[in-house]
Amino acid sequence: MTVKHRYRCKTCGANIASWHESKQKWSVWTATFDRKETEGQDGPPGTQISGWEWAKPTDHQFYDTRMLDINDGLPKWEGYAEASRRIE
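Letter 31 of the sequence shown, counting from 1, is numbered 16 in this note's numbering, and no numbers are missing.
Pasting the structure below:
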């Protein structure tokens, strides 16, 4: 049996993460991450995600419904990683 736990923001109720019991994996909505000022570093100010070392992605899931192209060399999947067709 597949068991998923969804976690929501206590203030607004937006989905922020889910835990997949059988796969022992987290899915996290990165738009909810804190960002820190990066003045003088690579990229425009405010683009560095706090805790990036911990949250660094390993692939892109549901990439066929993306809003923008991402060229970072990570595997891209039509659905869930390893359970769907790899796009590139």
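Glycine residues also receive a C-beta, built at the ideal position from the N, C-alpha and C atoms.
Spatial neighbours of residue i in its chain, beta-carbon cut-off 6 Å, leaving aside the 5 residues before and after
i, result
"ALA16", "none"
"VAL76", "Residue 76 lies beyond the stretch modelled for the chain, which goes from -14 to 73, so this question has no answer here."
N- and C-terminal bounds of the alpha helix (DSSP H) containing residue i
i, result
"ALA40", "37 to 40"
Own chain, CB closer than 8 Å to residue i, minus 5 neighbours either side, in chain order
i, result
"ALA66", "THR43, ASP44, GLN46 and PRO60"
"GLU6", "THR(-13), VAL(-12), LYS(-11) and HIS(-10)"
"TYR(-8)", "ASN0, ILE1, ALA2, SER3 and TRP4"
"TYR(-3)", "At residue -3 the sequence reads Cys, which differs from the Tyr that was named. Here the set comprises nothing."
Own chain partners of residue i with C-beta closer than 7 Å, once the 5 adjacent residues on each side are dropped
i, result
"ASP19", "SER35"
For residue i, three-class secondary structure by DSSP
i, result
"ALA68", "coil"
"ALA2", "strand"
Cβ distance (whole Å) where residue i is taken to contact residue j below 8 Å
i, j, result
"GLU63", "ASP49", "5 Å"
Residue i versus residue j: straight-line alpha-carbon distance, rounded
i, j, result
"ILE72", "TRP11", "22 Å"
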